[in-house]
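See structure below.
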Amino acid sequence: HYAADPASFDAASLAGLTPEAQLQLRPQLHPACRILHSEYPLARIWQVHQDAAEGEFDVDFSAGASHALVYRPPFRVAGAPASDSDAAFTAAGREGRPLAAALVAAQACDASFDLGRALNEWVASSVIVNFKLNGG
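Position one of the sequence shown corresponds to residue 31 (my numbering), numbered consecutively onward.
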């Protein structure tokens, strides 16, 4: 909740990059962003306890281990289920690895990992707050 707010992201600053240069961008995760690993369905537990929760108040504890993405879009903490590939991608980002390496890590878990979908969702929700070029 108290993590520093990052500077505003300027997507236009990336417009002139070649596809090769884009793959060398290093995603910068919000300081409050974390992936939690648990033997319990933490994301589902979080979801059913939110004021805006709809549907059944059920949690399947027999589902096995899971990941939860904890992030802070402006003004509130949020949680969402995360796949193994989401966890691999965000771990690579936290380690400062470029998009190409993060994509390889994610696709090692799930060959159908959709980089475009992930980037759109995570930039919109402030999971990813910027991109930097190696050495930049």
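Note that beta-carbon positions come from the ideal geometry of N, C-alpha and C, so glycine has one too.
These figures come from a predicted structure and were not determined experimentally.
Query	Result
Beta-bridge partners of Tyr101, as assigned by DSSP	Ala108
Nearest neighbour of Lys162, chosen from Ala34, Tyr32 and Ser43 [CA to CA]	Ser43
Among Pro36, Asp114, Pro49 and Asp90, the one whose alpha carbon lies nearest that of Leu129	Pro49
Euclidean distance between Cα positions of Asp88 and Leu99	20 Å
Assigned exposure category for Asp116 - 16 Cβ within 10 Å defines buried	buried
First and last residue of the uninterrupted beta strand (DSSP E) at Leu55	Segment: none, Leu55 is in no beta strand (DSSP E) and carries neither H nor E.
Cα-Cα separation between Ala135 and Gly123, rounded to whole angstroms	10 Å
Backbone CA spacing between Val157 and Ala108 [nearest angstrom]	10 Å
Rounded separation between Gly146 and Trp152 - CA only	10 Å
Selected residue, minimal CA-CA separation from Asp140, among Ala118, Leu149, Asn150 and Gly126	Ala118
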